[in-house]
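59 is the number that the working numbering gives to position 28 of the sequence shown; each next residue is one higher, with no gaps.
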Amino acid sequence: MSLFKSFKPLPVPKDCEGLEIRTESSVCTGEKIIGFYDPVSKRLLCSELVRSDEDIRAFYKKYGRDPSDIGHK
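If you want it as structure tokens, here you go:
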């Protein structure tokens, strides 16, 4: 058993493959969320709450993506 495990990114969920990562902000509360944007349903899938830019970087890292390659809106 190893004490130090290397980070292994999660695979992108099947229903989110090929979708872009996007952030959205609530008009009422200003709350920001990040997730995979589905242009057909116009919804974010697998969304998570964003409190800081660190949360955005963590979301990209979680799925093995590079935030400099794909711009978030």
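In this text, a Cβ means the ideal position worked out from N, Cα and C, and glycines have one as well.
As the structure is a prediction and not an experimental result, all values here were calculated from the model.
Got a sec, what are the start and stop residues for the alpha helix (DSSP H) residue i sits in?
i, result
"Glu85", "84-93"
Report yes if the C-beta distance between residue i and residue j is below 8 Å; otherwise report no.
i, j, result
"Leu75", "Arg96", "no"
"Ile64", "Glu79", "yes"
"Lys93", "Pro40", "yes"
"Gly66", "Cys77", "yes"
Find the nearest neighbour of residue i within the set the options, judged by alpha-carbon distance.
i, options, result
"Pro70", "Glu51, Ser37, Lys45, Phe38", "Glu51"
"Ser83", "Glu62, Ser37, Pro42", "Glu62"
"Val43", "Ser99, Glu85, Asp86, Tyr68", "Tyr68"
"Ser57", "Glu85, Val81, Phe90", "Val81"
Mind checking which residues open and close the beta strand (DSSP E) that includes residue i?
i, result
"Glu48", "Counting along the chain, Glu48 falls outside any beta strand (DSSP E), and DSSP gives it neither H nor E."
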